[in-house]
Structures are given as C-alpha cells and as structure tokens.
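Peer 1: Numbering (my numbering), first residue to last: 28 to 128.
C-beta: ideal position from N, C-alpha, C; glycine also.
Below is a structure I'd like to ask you about.
Put into structure tokens, the structure is as follows:
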C-alpha cells in the first residue's frame, strides 16, 4: 500500500471554505485504477491545517494517476480558485510506503 498526504495551512477563517470545496470535490480520483480511499483531515489544534490523505494499492497506481489528464484537470481548477487567499497555497506533500500492518 502507498499513502500520499498533502498538507496545506490556510487562515483559520478560511478552513470551513476549503473543507466545503473538498466535500464537493469532483471525485475523479475515485475512479483511478489502484485508488483505495480519500480523507480530508483537520488538525484539532491548528484548525487551518488540513491534510488530504489518500491510500493507493501501490506506488505505480499513484504515479499513473499523478501523470493522468484527470489529475492535471483537477490541479488546474485549484489554480483558479476565486478566493485569492486560497489560490496561492502550496501543499507540503509526503509519500509513504506501508511496510507493516
């Protein structure tokens, strides 16, 4: 299993807006081969820190998704958020190979 976490920090007054965006996400990734699960996590102490947590069958499945037209489409939409405070946020991405369960 392969896990990808993408964390952003937004002003706390913008957290609910970003959560709403993810609650209404396109779900294109859900159809990708090897995709297992998507979760949006909110830090309980720093409410403006949000992490997209995705689980994949393997690294190759994730890389195929990351190179896909659907991935590019989703990330192009992110660049066009009408809200200037959310538009320029760059996530910190961490990738993990599951080595024990």
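1) Which of helix, strand or coil does DSSP assign to residue 56?
2) State the Cα-Cα distance for the pair residue 130 and residue 61, rounded to the nearest angstrom.
3) Does the Cβ-Cβ distance between residue 34 and residue 78 come in under 8 Å?
4) Where DSSP assigns a beta bridge to residue 68, which residues make up the other side?
5) When you compare each of 128, 102, 103, 93 to residue 122 by their alpha carbons, which one comes out closest?
Peer 2: This is what the structure holds:
1) Along the chain shown, one-based indexing puts residue 56 at 29. Residue 56: helix per DSSP, three-state reduction.
2) Residue 130 lies beyond the range of the chain shown here (28 to 128); nothing can be said about it.
3) Numbered from 1 along the chain shown, position 7 holds the residue referred to as residue 34. Numbered from 1 along the chain shown, position 51 holds the residue referred to as residue 78. Yes; because the gap between Cβ atoms is below 8 Å, this pair is in contact.
4) In the chain shown, residue 68 corresponds to position 41, counting from 1. Answer by DSSP bridge pairing, in chain order: 78.
5) As a first step, residue 122 must be located in the chain shown, where it is residue number 95. Here the closest residue by C-alpha is 93.
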